[in-house]
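>
In the working numbering, the protein residues as written are 367 to 440.
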């Protein structure tokens, strides 16, 4: 159970006020590995070779997804 945890976001030099984290599991929790596989495995397959300029990379519990286009809709 996550109690008393918070995070902060920073964009373009602006630091947002603290945001409480009210759900989830802690870093290093043995359950996180299993839940990652169940909930995120399909995200790696989203960037299958389709001729689009996108790729994904996953390692342990980290994921990177890159898509390149001239605008947001592309």
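Virtual Cβ for every residue (Gly too), placed ideally from N, Cα, C. This structure is a prediction, so every number in the text was calculated from the model and none was measured.
Could you say which of 401, 419 and 428 lies nearest to residue 437 if we only look at CA atoms?
Answer by Cα proximity: 419.
> For residue 371 versus residue 381, is the C-beta distance shorter than 8 Å?
Going by C-beta atoms, residue 371 is not nearer than 8 Å to residue 381.
> For residue 385, name the three-state secondary structure that DSSP assigns.
Strand, per DSSP.
> For residue 409, name the three-state secondary structure that DSSP assigns.
Three-state DSSP puts residue 409 in a helix.
> What residue from 376, 391 and 409 has the CA that sits closest to residue 384's CA?
When only C-alpha atoms are compared, the closest one is 376.
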